[in-house]
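Please read the structure below before turning to the comments.
2 protein chains.
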Amino acid sequence: MKSWQTVRAEALARIRSGAWPPGETIPREADLAEEFGCARATMNRAMQSLADEGYLDRRRKGGTRVAAMPVRKAVFEIPVIRQQVEQRRSTHAYRLVTDRLTTPPEAVCAALKFGSRMQLRRVTALHLADGKPFCVEDRWLNPAFAPPGEADFAEVSANEWLVRHVTYSTGTLAFYARPANAALVRLLKCAHGASLFAIDRTTFDAGTPITSVTLTYAPGYRMETLM
Amino acid sequence: MKSWQTVRAEALARIRSGAWPPGETIPREADLAEEFGCARATMNRAMQSLADEGYLDRRRKGGTRVAAMPVRKAVFEIPVIRQQVEQRRSTHAYRLVTDRLTTPPEAVCAALKFGSRMQLRRVTALHLADGKPFCVEDRWLNPAFAPPGEADFAEVSANEWLVRHVTYSTGTLAFYARPANAALVRLLKCAHGASLFAIDRTTFDAGTPITSVTLTYAPGYRMETLM
DNA sequence: AAGTGGTCTAGACCACAAA
DNA sequence: TTGTGGTCTAGACCACTTG
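Which chain is which? The protein sequence lines are A and B, in order.
So the first sequence is residues 224 to 450, counted in my numbering.
So the second sequence is residues 224 to 450, counted in my numbering.
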């Protein structure tokens, strides 16, 4: 009895070796199942896995073909910053910088799809690894989700508090480079204009805006993954 | 008859709503299948999908529990640069800058796990969107995979040629920020020291090094995705 | 030892898109 | 209309892990 992962591996080997060249239509599931010696359901699972990862294009009636221009997908894990630091075997520390209700700039309203310019809770904080600045967290927060009374960010970062209390939201994510401004120079102790890696994340809960955050990392930070 | 995606959606709703709180063990598959009115195989497929995305932790005998500190995963598509430009409804153009055999610096040898410092093919090129600099491609290439005779990068970029001819390799990927050096200033027509978003990618074919490339994007570039 | 998820199978029907 | 992938089902057995 062959596992679908075995079948998948064999099929992938055919693709990589060129036995099934890019663009070519491969036999139907039923035939392949017979050839590989498994049930069609097993074959289906294997091929679907390859299709999910961009190796194959499948269409009902049209059959299955090897992707000609495969769109490679990279998966990044977006962890809690404390865990991220601890994974590097460093000691995490955290310092709250500001926490107050403020009227947000238009860009933030647009990201959160806030029509009215209601006041939002602005939280800025610094994360440190082994005592050195690691990341600046600059956040706008819908106070309905984290009332100042309930959520105190003096000890636990907003980053971590939200992961624990407002889990499983949806949203957008962007990676980019930005120069260090005065505030970042002060917190990260880097040169003015230094190239910094940054992440913008905006999250919603069933259409209701929760938070918009910019994480700016100290110079030299790299976000890495395997393909 | 319920589809596994319907079941998945219902289960996800329970997680998001807090009906199944973080850290809590949920009923066994067989019971859930009965409750949801589907076969266990269908239930399994739905739950497995949620586990793959980090919503659930599943263990044989241990049961299934809602992840307490979910590791959110972001999926980025790494397209061919030409397609990336054309998706933005811009016109793509390409200019080869250099293409010659050179002894690579140690950092490149290390990335490619080349013990001997054999000569590699170095290809640098500029991609343009609507005539404006979009991205600089700086590549070290194992000549065994792309002999100068076979692979001519005057018209088709190495980026695209490799996707077509050396498909389906594995490797590493990193995103980071870097300041513009003299070469980048000249090609991207940006200010010296400007913050630029960059991608390092190193690929192997069954352990054999193929290529190591740095893509550096013009100022303002953002790599975006949904969560 | 026992209970849970992981998977396989065979057969069936459905949904979609190409002919 | 027809052929392909997409999915469901019921039952079975296996593999891992916990007690």
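Glycine is no exception: its CB is placed at the ideal position from the N, C-alpha and C atoms.
List in chain order: all unbroken alpha helix (DSSP H) runs of 4+ residues lying wholly within the segment 291–349 of chain A. With a minimum length of 4 residues, the unbroken runs of alpha helix (DSSP H) contained wholly in the segment 291–349 of chain A fall at 304–310, 329–335.
Please list the terminal residues of the continuous beta strand (DSSP E) segment that includes Arg-283/B. Arg-283/B: not part of any beta strand (DSSP E); DSSP gives it neither H nor E.
List the residues that DSSP assigns as beta-bridge partners of Ile-249/A. For Ile-249/A, DSSP records a beta bridge to Thr-287/A.
Between which two residues does the beta strand (DSSP E) containing Trp-389/A stretch? In the sequence as presented, Trp is not what sits at residue 389/A; that position holds Val. Where Val-389/A is concerned, there is no enclosing beta strand (DSSP E), given that its DSSP letter is neither H nor E.
Below 6 Å CB to CB, which residues in the same chain sit around Thr-426/B once its five sequence neighbours on both sides are set aside? Here the set comprises Ser-392, Gly-394, Ile-433, Thr-434.
Run through chain B and tell me which residues come within less than 9 Å of Ile-301/A, C-beta to C-beta. Within chain B, the residues near Ile-301/A are Val-294, Arg-295, Lys-296, Ala-297, Met-450.
Closer than 9 Å to chain B by CB, Pro-402/A: For Pro-402/A, at least one C-beta of chain B is nearer than 9 Å to its own C-beta.
Is Ala-403/B buried or exposed, if buried means 16 or more other CB atoms sit within 10 Å of its CB? Taking a 10 Å sphere around the C-beta of Ala-403/B, we find 16 or more other C-beta atoms and assign the residue as buried.
Answer with buried or exposed for Thr-321/A, where buried requires no fewer than 16 other C-beta atoms within 10 angstroms of its C-beta. Its Cβ having fewer than 16 others within 10 Å, Thr-321/A is exposed.
Which whole-angstrom value describes the C-beta separation of Met-446/A and Phe-259/A, a residue pair presumed to lie in contact below a C-beta threshold of 8 Å? Actually they are not in contact, since the Cβ atoms of Met-446/A and Phe-259/A sit about 38 Å apart, beyond 8 Å.
Could you check how far apart the C-beta atoms of Pro-325/B and Gln-342/B are, in whole angstroms? I think they sit under 8 Å. This sequence places Thr at residue 325/B; Pro is not what is there. Between Thr-325/B and Gln-342/B a beta carbon distance of about 6 Å is seen, short of the 8 Å cut, so the two are scored as contacting.
Give me whichever residues DSSP pairs with Arg-401/A in a beta bridge. Looking at the DSSP assignment, Arg-401/A forms a beta bridge with Leu-419/A.
Taking only the alpha-carbon atoms, compute the straight-line gap between Val-289/A and Met-224/B and give it to the nearest angstrom. Approximately 32 Å, taken between the alpha carbons.
Go ahead and label Val-294/B buried or exposed: buried means 16 or more other beta carbons lie within 10 angstroms of its beta carbon, across all protein chains shown. Answer is exposed; the Cβ neighbour count stays below 16.
With C-beta atoms as the reference, is Thr-287/B less than 9 Å away from Ile-249/B? Closer than 9 Å, so yes.
Helix, strand or coil: how does DSSP classify Val-379/A here? Looking at Val-379/A - three-state DSSP - the assignment turns out to be coil, as it is neither helix nor strand.
Endpoints, alpha helix (DSSP H) assigned at Trp-227/B: Taken as a continuous stretch (DSSP letters only), the alpha helix (DSSP H) holding Trp-227/B covers 227–240.
Find out if the Cβ-Cβ distance for the pair Val-230/B, Thr-265/B is shorter than 9 Å. Cβ atoms of Val-230/B and Thr-265/B: closer than 9 Å.
Express the C-alpha separation of Ala-381/B and Asp-375/B in angstroms, rounding to a whole number. Distance between the alpha carbons of Asp-375/B and Ala-381/B: 8 Å.
Per DSSP, Pro-356/B forms a beta bridge with which residues? Beta-bridge annotation (DSSP): Pro-356/B is paired with Leu-351/B.
Pro-432/B - partner residues in DSSP beta bridges: Answer is Phe-427/B, bridged to Pro-432/B.
Which word fits Glu-247/B, buried or exposed, when buried means at least 16 other C-beta atoms lie within 10 angstroms of its C-beta? It counts as exposed.
Name the residues in the segment 426–444 of chain A whose C-beta lies less than 9 Å from a C-beta of chain B; which are they? Residues are counted here when their Cβ sits less than 9 Å from a Cβ of chain B; for the segment 426–444 of chain A these are Thr-426, Asp-428, Ala-429, Tyr-440, Pro-442, Gly-443, Tyr-444, given in chain order.
Could you check whether the Cβ of Arg-493/B sits closer than 9 Å to any Cβ belonging to chain A? Only positions 224 to 450 of chain B appear in the structure, and residue 493/B is not among them; the question remains open.
Please report the residue range of the alpha helix (DSSP H) in which Met-266/A lies. The continuous alpha helix (DSSP H) containing Met-266/A extends over residues 263–275.
Name the chain A residues whose beta carbon is nearer than 8 Å to that of Ala-397/B? The contacting residues are Arg-445, Met-446, Glu-447, Thr-448.
Quick one: list the residues of chain B neighbouring Ser-339/A, beta-carbon separation under 7 Å, in chain order. Going along chain B, no residue has its Cβ under 7 Å from Ser-339/A, so there is no contact; the nearest lies around 25 Å.
Measuring CB to CB, does Leu-410/B end up less than 9 Å from Leu-319/B? Leu-319/B sits away from Leu-410/B, with the two beta carbons spaced by 9 Å or more.
Would you kindly work out how many angstroms separate the C-alpha atoms of Ala-352/B and Arg-312/B, rounded to a whole number? Between Ala-352/B and Arg-312/B, the C-alpha separation is close to 9 Å.
Nearest neighbour of Gln-228/A, chosen from Ala-253/A, Gly-241/A, Pro-245/A, Gln-271/A [CA to CA]: Considering only alpha carbons, the answer is Gln-271/A.
So, at 8 Å on beta carbons, what are the nonlocal neighbours of Arg-263/A in its own chain, with the 5 sequence-adjacent residues on each side left out? So the qualifying residues of the chain are Glu-252, Ala-253, Ala-256.
Output yes if chain A places a C-beta closer than 9 Å to the C-beta of Asp-423/B; else output no. Asp-423/B counts as touching chain A.
Can you list the residues of chain B that Thr-393/A reaches, using a CB-CB cut of under 8 Å? Listed along the chain, the chain B residues whose CB falls inside 8 Å of the CB of Thr-393/A are Leu-449, Met-450.
Within chain B, partners of Val-386/A - CB distance below 8 Å: Correct list: Met-292, Pro-293.
Chain A within 9 Å of Gly-463/B, Cβ atoms only: Because chain B in this structure spans residues 224 to 450, residue 463/B falls outside the shown range and cannot be described.
With C-beta atoms as the reference, is Cys-413/B less than 9 Å away from Pro-356/B? For Cys-413/B and Pro-356/B, yes; Cβs fall inside 9 Å.
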